[in-house]
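S.K.: First residue of the sequence shown? That's 52 in this note's numbering, and the numbers climb one at a time after it. Every residue, glycine too, gets a C-beta built ideally from N, C-alpha and C. Computed from a predicted model, the values in this text were never measured in an experiment.
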Amino acid sequence: MVALATFFTRLLITYVIGAVGGFLYTWLHLPLPWILGPVTSLLIYKLFPIARTTASLRLRKVSFSILGIQIGSTFTAATLTTVVPYLVPYTVLTLLLIALSLGSAYLITRWVKLDITTSLLGSIPGGLSTVLALSESFNGNTVLVTIFQTIRLVAVLFIIPFSATHLFFHQTQLTQGAVQQQAVNGPTWTILLFIAAFLIGLLLQRWVPASLVLIPMLVTAALQINGIALFQLPNSAYLFAQLTIGVYLGNSISVKDLKTAGKYCLYFLCLAILLIATSFLFGFLFSSFTNLNTATAVLSLAPGGLIEMALTAQSVNGDPSIVSSLQMIRLLTIVLILPFFLKWLFKKLQS
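Structure below.
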């Protein structure tokens with residue numbers, strides 16, 4: 052009972068500190084205020100020796116699904132037909148980006164005493180949980196992989212939204228004609244559909260990457276595309292979900308772990324910045340030979356999380372439905388194809 056009370060007290064303190072960061076970022080008109088704000092305030096708080104934070108796994112799962120619903124609500128009947136022509140060039144550019152990441156990580160092993168498996172896995176621009184699972188199966192140094200992925204995550208979280216905001220904030224015309232439809236509020240009972248999508252996402256967690264985001268997003272998108280009016284969740288629900296994700300990220304990023312990695316941190320930070328810069332360059336190229344506006348093209352190729360990039364697109368007049376669709380392709384490419392390639396590559400390097 053005492054342990055439970057301690058947990059809830061610590062959770063409340065964590066959320067209050069996260070909310071302070073969210074309000075501060077909102078007041079300063081900074082990007083993704085309810086995700087980056089909590090991350091920043093919690094990282095500062097954790098610099099104090101007595102600081103203790105925590106996060107709720109259950110709230111995180113629900114929040115992922117709520118944000119999946121938010122992204123799914125941006126889909127229109129034209130989204131699927133709009134995305135199809137971009138699949139081939141997008142996949143080619145994504146594979147080139149992954150190849151650059153792996154190649155750079157291989158070069159790092161020539162400069163520092165770090166095993167190739169850990170270096171390659173630490174550089175992959177994919178989901179943390181997926182990469183950690185790969186690290187376990189390929190006998191990498193999971194602790195270092197976690198730290199390197201955390202460095203990439205922090206760099207992506209802060210560099211891309213800030214860069215995108217300054218580069219694309221004044222871009223008001225969407226050349227691909229993406230318009231967020233005025234939502235029609237559907238009956239209350241359609242909340243049951245959201246709950247069903249969440250439960251399906253829970254059941255498929257072991258087999259489908261990011262299922263808690265993808266399943267609610269796809270269900271919401273499919274219903275909207277077919278003209279079914281859904282109950283519109285209040286904006287406060289989306290803000291709380293973003294706050295929860297920000298609290299989770301701020302809690303999971305450990306200043307101590309970053310110090311533990313020592314000199315390796317600088318190498319992988321430089322690698323993350325190189326990857327981000329290259330993704331921006333590829334994004335500009337992608338927009339030049341397609342009719343996608345620059346913000347949408349760049350954020351589709353950015354090596355960030357699906358949720359963060361879609362929300363950033365929404366704030367800079369990009370098309371979040373296109374961004375989330377293409378980011379989903381990138382995620383599936385990493386999850387379904389990369390493990391087989393890495394298995395072949397590691398055998399080749401060891402032979």
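Got a sec? Which residues, its chain only, sit under 6 Å from Ala361 by beta carbon, not counting five neighbours each side?
M.R.: Around Ala361: Ile122, Pro371, Val374, Ser375.
S.K.: Spatial neighbours of Gly191 within its chain, please: CB distance less than 6 Å, with the 5 preceding and 5 following residues excluded, ordered by chain position.
M.R.: The answer, listed in chain order, is Thr168, Thr169, Leu172.
S.K.: Look at the Cβ atom of Trp85, then the Cβ atom of Leu290, and state whether they are nearer than 9 Å.
M.R.: Against a cut-off of 9 Å, the Cβ pair of Leu290 and Trp85 comes out as a contact.
S.K.: The alpha helix (DSSP H) with Gly252 in it runs from where to where?
M.R.: Segment 242-254, the alpha helix (DSSP H) holding Gly252.
S.K.: Residues in its own chain within less than 8 Å of Leu147 by CB, not counting five upstream and five downstream?
M.R.: Counting only Cβ-Cβ distances below 8 Å, and skipping sequence neighbours, we find Phe333.
S.K.: Does the Cβ-Cβ distance between Ile304 and Leu204 come in under 9 Å?
M.R.: Closer than 9 Å, so yes.
S.K.: Rank Pro100, Arg61, Ser174, Leu75 by C-alpha distance to the C-alpha of Lys307 and give the top, closest one.
M.R.: When each option's Cα is compared against that of Lys307, the closest is Pro100.
S.K.: When you compare each of Ile64, Phe58, Leu87 to Gly293 by their alpha carbons, which one comes out closest?
M.R.: Checking the displayed sequence, the identity of residue 293 turns out to be Gln instead of Gly. Answer by Cα proximity: Leu87.
S.K.: Give the straight-line distance between the Cα atoms of Leu393 and Trp240, rounded to the nearest whole angstrom.
M.R.: Their backbone Cα atoms lie some 46 Å apart in a straight line.
S.K.: Can you give me the start and stop residues for the alpha helix (DSSP H) that Val139 sits inside?
M.R.: It spans 138-162 - the alpha helix (DSSP H) in which Val139 sits, taken as one unbroken run.
S.K.: Is the CB-CB distance between Val264 and Ile251 below 9 Å?
M.R.: No, Cβ-Cβ distance for Val264 and Ile251 is not below 9 Å.
S.K.: Among the residues of its own chain, which have a CB less than 6 Å from the CB of Phe331, if the five just before and after it don't count?
M.R.: Within the same chain, Phe331 has close Cβ partners Val349.
S.K.: At the level of alpha carbons, what is the spacing between Gln365 and Leu98?
M.R.: So the alpha carbons of these two residues sit roughly 33 Å apart.
S.K.: State the Cα-Cα distance for the pair Tyr299 and Gly154, rounded to the nearest angstrom.
M.R.: Taking the straight line joining both Cα atoms gives about 31 Å.
S.K.: How big is the Cα-Cα spacing for Pro136 and Gly369?
M.R.: Straight-line Cα distance between these residues: approximately 18 Å.
S.K.: Residues in its own chain within less than 6 Å of Met268 by CB, not counting five upstream and five downstream?
M.R.: Excluding positions up to five away in sequence, the list reads Gly119, Ile122, Gly123.
S.K.: With DSSP collapsed to three states, give me the class of Thr271.
M.R.: Three-state DSSP puts Thr271 in a helix.
S.K.: Take Arg381 as the anchor and find which of Pro176, Leu243, Gln256 has the nearest alpha-carbon.
M.R.: Of Pro176, Leu243, Gln256, the residue nearest in Cα terms is Pro176.
S.K.: Cα-Cα, which of Ser339, Cys321, Ile246 is closest to Ser152?
M.R.: Residue Cys321 is the option with its Cα nearest to Ser152.
S.K.: Does the Cβ of Val207 have 16 or more other Cβ atoms within 10 Å, making it buried, or fewer, making it exposed?
M.R.: With 16 or more other Cβ atoms within 10 Å, it is buried.
S.K.: Reducing DSSP to helix, strand and coil, say where Phe337 ends up.
M.R.: Looking at Phe337 - three-state DSSP - the assignment turns out to be helix.
S.K.: When the Cα atoms are used, what is the spatial distance from Lys164 to Ala353?
M.R.: Roughly 29 Å separates the two Cα atoms.
S.K.: Taking 9 Å as the cut-off, decide whether the C-beta atoms of Pro140 and Glu359 are in contact.
M.R.: Contact flag unset, no.
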